[in-house]
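Protein chains in written order, with our numbering: chain A, 1 to 81; chain B, 82 to 162; chain C, 163 to 316; chain D, 317 to 470. For each residue, glycine too, the CB sits at the ideal point set by N, CA and C. Note that the structure is a prediction, hence the values are computed from the model and not measured.
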Amino acid sequence: MIDVLYFAWLRERTGLAEERIALPAGTTTVADLIEMLAARHAAAFANRQTIRCAVNQEFADPSVVLHPGDEVAFFPPVTGG
Amino acid sequence: MIDVLYFAWLRERTGLAEERIALPAGTTTVADLIEMLAARHAAAFANRQTIRCAVNQEFADPSVVLHPGDEVAFFPPVTGG
Amino acid sequence: MARIVVGTEDFDVGAEIAALTAGRTDIGGIGCFVGTVRDTAPGAPEVSALTLEHYPAMTQKALAGIVAEAERRWPLLGCTVVHRVGRMLPGENIVLVLAASAHRQAALDATAFLIDWLKTKAPFWKREDRADGSSGWVEAREADDAAAARWAKA
Amino acid sequence: MARIVVGTEDFDVGAEIAALTAGRTDIGGIGCFVGTVRDTAPGAPEVSALTLEHYPAMTQKALAGIVAEAERRWPLLGCTVVHRVGRMLPGENIVLVLAASAHRQAALDATAFLIDWLKTKAPFWKREDRADGSSGWVEAREADDAAAARWAKA
Numbered sequence: 001m002i003d004v005l006y007f008a009w010l011r012e013r014t015g016l017a018e019e020r021i022a023l024p025a026g027t028t029t030v031a032d033l034i035e036m037l038a039a040r041h042a043a044a045f046a047n048r049q050t051i052r053c054a055v056n057q058e059f060a061d062p063s064v065v066l067h068p069g070d071e072v073a074f075f076p077p078v079t080g081g
Numbered sequence: 082m083i084d085v086l087y088f089a090w091l092r093e094r095t096g097l098a099e100e101r102i103a104l105p106a107g108t109t110t111v112a113d114l115i116e117m118l119a120a121r122h123a124a125a126f127a128n129r130q131t132i133r134c135a136v137n138q139e140f141a142d143p144s145v146v147l148h149p150g151d152e153v154a155f156f157p158p159v160t161g162g
Numbered sequence: 163m164a165r166i167v168v169g170t171e172d173f174d175v176g177a178e179i180a181a182l183t184a185g186r187t188d189i190g191g192i193g194c195f196v197g198t199v200r201d202t203a204p205g206a207p208e209v210s211a212l213t214l215e216h217y218p219a220m221t222q223k224a225l226a227g228i229v230a231e232a233e234r235r236w237p238l239l240g241c242t243v244v245h246r247v248g249r250m251l252p253g254e255n256i257v258l259v260l261a262a263s264a265h266r267q268a269a270l271d272a273t274a275f276l277i278d279w280l281k282t283k284a285p286f287w288k289r290e291d292r293a294d295g296s297s298g299w300v301e302a303r304e305a306d307d308a309a310a311a312r313w314a315k316a
Numbered sequence: 317m318a319r320i321v322v323g324t325e326d327f328d329v330g331a332e333i334a335a336l337t338a339g340r341t342d343i344g345g346i347g348c349f350v351g352t353v354r355d356t357a358p359g360a361p362e363v364s365a366l367t368l369e370h371y372p373a374m375t376q377k378a379l380a381g382i383v384a385e386a387e388r389r390w391p392l393l394g395c396t397v398v399h400r401v402g403r404m405l406p407g408e409n410i411v412l413v414l415a416a417s418a419h420r421q422a423a424l425d426a427t428a429f430l431i432d433w434l435k436t437k438a439p440f441w442k443r444e445d446r447a448d449g450s451s452g453w454v455e456a457r458e459a460d461d462a463a464a465a466r467w468a469k470a
């Protein structure tokens, strides 16, 4: 299992702040996870260019491999400061 | 007549904060004035590369022409801030 | 050495500078940036409030990493980052960055670096409420990416 | 619009920022630089006090000219320069520069410009008293000329 967190309009469009996802057998990358989540949350993941990902609180590329217990967050480009 | 002001080590080396100088007949530039003053204050004007000039409170090159009533100041490169 | 604060409370710039420099006689310059809520932007409706959301578990880590990078690049003698979250009105403070060094160039460059990186690498998001009753998430600016990219190492 | 103060009294950074931004909701960022007396420099004896002399009739004119140039180059919404004169001890404030703008880049660039130009174009001179009993005028640094030259227009 992994924890998936959503922030800003990804939270609004998924209607979720957090959900638990079972990792499928075999290797799963961030890109694979996005495909899985897009099937559930089509509106939230419609424009993938505007989605950023962090794995265990570090920015992560689509190629990063996930492991059980990871905290994976999806959010738009940051706009603080 | 012009007013000549000295600051920082120029004040210390001339021993003067201010003096009145009669302009000679004809055109006098800042460079001409420096020659006149160097005759009186040899130690102060020994190293002319380290001396800056302002005429009427504006930085002035050696070529600037002086007029009666001008306020002419000599000082080292500034070190404020 | 660095002080990093994230919370809903406003900050006092004078008090933060005093805390950074207290008892120090080796500091020659302190660079500072304060970001504030503004209600006007050309061609956009007036903003009546800003709400800052963040990713708490990541925020401290991201800010600490940004500060550590600044300390690696410049000889800093102290550093403070305060970022507010929650709802703020026009004119209110959002963010404070302080960087102290023996020399002004390091202090000023580190200050610019810290706010440029914070704007593109720390997990904060702004949502604005507008005077016309609408609201929406603020979009990231390409200018911010360009500003952060200035600091890339060759 | 700009506030320019030269005198022996210390300044309060928080109060100066508050005065600059009071009632404003169009400011997005305030850049700030505070210069302080430091007692240490590599290979030099410890400094016990600094005395700042200036050319009063020229100082206001020079600072107003520097501020006007900054206002010409950047869309500033406010600007403050406070420079102390007289005798100061290590740790004390010497100079404050504030620049406010809608955007942070203008505020930060104007702040750096103001202090760089002030350091090379405003008639202040520092004399230091040293712990070993000696004293002398601080020499101008080539690095300051180089910093000011960055801002030359092509």
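Interface positions of the segment 333-346 of chain D facing chain C (Cβ-Cβ less than 8 Å), listed along the chain: Answer in chain order: Ile-333, Thr-337, Gly-339, Arg-340, Thr-341, Asp-342, Ile-343, Gly-344, Gly-345 and Ile-346.
Residue(s) in a DSSP beta bridge with Asp-3/A: What you label residue 3/A is simply residue 3 of the first sequence in a count that begins at 1. Note: Asp-3/A sits in a beta bridge opposite Arg-20/A and Glu-71/A.
Partner residues on chain C for Gly-69/A, Cβ-Cβ distance less than 9 Å: Looking up residue 69/A in the first sequence gives position 69. Neighbourhood of Gly-69/A in chain C, by CB distance below 9 Å: empty, with the nearest CB roughly 14 Å away.
Endpoints, the alpha helix (DSSP H) within which Trp-467/D is located: Here residue 467/D refers to the residue found at position 151 of the fourth sequence. Bounds of any alpha helix (DSSP H) do not take in Trp-467/D, whose DSSP letter is neither H nor E.
The segment 403-431 of chain D: positions lying closer than 8 Å to chain B by Cβ: With the criterion set as a beta carbon lying under 8 Å from some beta carbon of chain B, the members of the segment 403-431 of chain D are Ile-410, Val-411 and Ile-431, in sequence order.
Bridge-paired residues (DSSP) for Phe-140/B: Reading the second sequence from its first residue, position 59 is the one you call residue 140/B. Residue pairing by DSSP places Phe-140/B opposite Ala-135/B in a beta bridge.
Pair within 8 Å by beta-carbon distance, Gln-138/B and Met-374/D: One-based indexing of the second sequence puts residue 138/B at position 57. One-based indexing of the fourth sequence puts residue 374/D at position 58. Between Gln-138/B and Met-374/D, the gap from beta carbon to beta carbon is short of 8 Å.
In DSSP terms, what Gly-449/D is bridged to: As a working note, residue 449/D is residue 133 in the fourth sequence. Beta-bridge pairing links Gly-449/D to no other residue.
Reduced DSSP category for Thr-27/A - H, G, I as helix; E, B as strand; rest coil: Along the first sequence, read from residue 1 onward, the residue named residue 27/A stands at position 27. Correct three-state label for Thr-27/A: coil.
Short CB-CB distance (under 8 Å) between Phe-74/A and chain E: No chain E is present in this structure, whose protein chains are A, B, C and D.
Proximity test, Cβ basis, 8 Å: Leu-368/D and chain B: Here the question's residue 368/D lines up with position 52 in the fourth sequence. At least one beta carbon of chain B lies nearer than 8 Å to the beta carbon of Leu-368/D.
Pair within 8 Å by beta-carbon distance, Leu-238/C and Ala-206/C: Translated into the one-based positions of the third sequence, residue 238/C becomes position 76. Translated into the one-based positions of the third sequence, residue 206/C becomes position 44. No, these two residues do not count as a Cβ contact at 8 Å.
Proximal residues of chain B, C-beta to C-beta of Val-454/D below 8 Å: As a working mapping, residue 454/D is identified with position 138 in the fourth sequence. Simply Thr-160.
Rounded straight-line distance, which links the Cα of Val-168/C to that of Thr-183/C: Counting from one through the third sequence, the residue named residue 183/C turns up at place 21. Counting from one through the third sequence, the residue named residue 168/C turns up at place 6. Taking the straight line from one Cα to the other gives about 21 Å.
is_contact[Cys-348/D, chain C] using C-beta, thresh 8 Å: What you label residue 348/D is simply residue 32 of the fourth sequence in a count that begins at 1. Yes - at least one Cβ of chain C is within 8 Å of the one on Cys-348/D.
Within chain B, the residues that Thr-356/D reaches when beta carbons sit closer than 7 Å: Sequence index remark: in the fourth sequence, residue 356/D carries index 40 (1-based). Chain B residues near Thr-356/D: none, gap ~18 Å exceeds 7 Å.
Per-residue contacts from Asp-328/D into chain C (C-beta, under 9 Å): By one-based count along the fourth sequence, residue 328/D stands at place 12. Those within 9 Å of Asp-328/D in chain C are Gly-176.
Buried/exposed call for Val-146/B, threshold 16 Cβ in 10 Å: For this step, residue 146/B is matched to residue 65 along the second sequence. Under the 10 Å beta carbon count, Val-146/B is surrounded by fewer than 16 other beta carbons and is classified as exposed.
Check: Thr-79/A C-beta below 7 Å from any heavy atom of the ligand ATP: Judged by which ligands are present, the structure shown has none, so any question about the ligand ATP falls away.
Nonlocal neighbours in the same chain, by C-beta distance under 6 Å from Cys-53/A, ignoring five residues either side: Looking up residue 53/A in the first sequence gives position 53. Cβ neighbours of Cys-53/A beyond the five flanking positions: Val-30, Ala-60 and Phe-74.
Start-to-end residues for the beta strand (DSSP E) that takes in Thr-396/D: Working through the fourth sequence from its first residue, we reach residue 396/D at position 80. DSSP places Thr-396/D inside the beta strand (DSSP E), whose first and last residues are 392-400.
Cβ neighbours of Arg-446/D in the same chain (closer than 7 Å, five flanking residues each side left out): Position 130 of the fourth sequence, counted from the first residue, corresponds to residue 446/D. Correct list, in chain order: Pro-361, Glu-362, Val-363 and Ser-364.
Span of the alpha helix (DSSP H) around Thr-150/C: Here chain C has residues from 163 to 316 only, and residue 150/C is not among them.
Inter-residue Cα distance where the pair is Leu-260/C and Glu-18/A: As a first step, residue 260/C is located in the third sequence; it is residue number 98 there, counting from the start. As a first step, residue 18/A is located in the first sequence; it is residue number 18 there, counting from the start. Taken atom to atom, the span from the alpha-carbon of Leu-260/C to that of Glu-18/A is near 35 Å.
Distance CB(Phe-286/C)-CB(Leu-214/C) smaller than 8 Å: On the third sequence, position 124 is the one that residue 286/C refers to. On the third sequence, position 52 is the one that residue 214/C refers to. Against a cut-off of 8 Å, the Cβ pair of Leu-214/C and Phe-286/C comes out as a contact.
Inter-stretch contact (C-beta, 8 Å, three-pair minimum) for the segment 338-351 of chain D and the segment 406-413 of chain D: The segment 338-351 of chain D, when compared against the segment 406-413 of chain D, does touch it at the 8 Å Cβ threshold.
Bounding residues of the alpha helix (DSSP H) (the contiguous stretch that carries Asp-228/C): As a working mapping, residue 228/C is identified with position 66 in the third sequence. Note that residue 228/C is Ile in the sequence shown here, rather than Asp. Element bounds for Ile-228/C: 218-235.
Residue-chain proximity (Gln-138/B, chain D), Cβ-Cβ < 8 Å: For the purposes of this step, residue 138/B is identified with residue 57 of the second sequence, where counting begins at 1. Output row for Gln-138/B: interface = yes.
CB contact check: Thr-242/C to chain D, cutoff 8 Å: Walking along the third sequence from the start, residue 242/C turns up at place 80. Not closer than 8 Å to any Cβ of chain D, the Cβ of Thr-242/C fails to qualify, so no.
Where Arg-94/B falls: helix, strand or coil (DSSP): Reading the second sequence from its first residue, position 13 is the one you call residue 94/B. Note: Arg-94/B maps to helix in three-state DSSP.
One or two residues paired with Glu-444/D in a DSSP bridge: Along the fourth sequence, read from residue 1 onward, the residue named residue 444/D stands at position 128. Note: Glu-444/D is bridge-paired with Leu-366/D and Gly-452/D in the DSSP secondary-structure output.
As assigned by DSSP and simplified to three states, the class of Ile-343/D: The sequence position of residue 343/D within the fourth sequence is 27, counting from 1. DSSP places Ile-343/D in coil when its eight states are reduced to three.
Asp-172/C, buried or exposed, once every other Cβ within 10 Å from all chains shown has been counted against 16: Residue 172/C sits at position 10 when you count from the first residue of the third sequence. Exposed, by the Cβ-count rule.
Where Thr-352/D falls: helix, strand or coil (DSSP): Translated into positions along the fourth sequence, residue 352/D becomes position 36. Secondary structure of Thr-352/D (DSSP, three-state): strand.
With 16 other Cβ atoms within 10 Å as the buried cut-off, status of Glu-444/D: Here the question's residue 444/D lines up with position 128 in the fourth sequence. Result: buried.
Residue-level contact to chain C via CB, Ala-22/A, 8 Å cutoff: The residue you call residue 22/A lines up with position 22 of the first sequence. Judged by the 8 Å Cβ criterion, Ala-22/A is not in contact with chain C.
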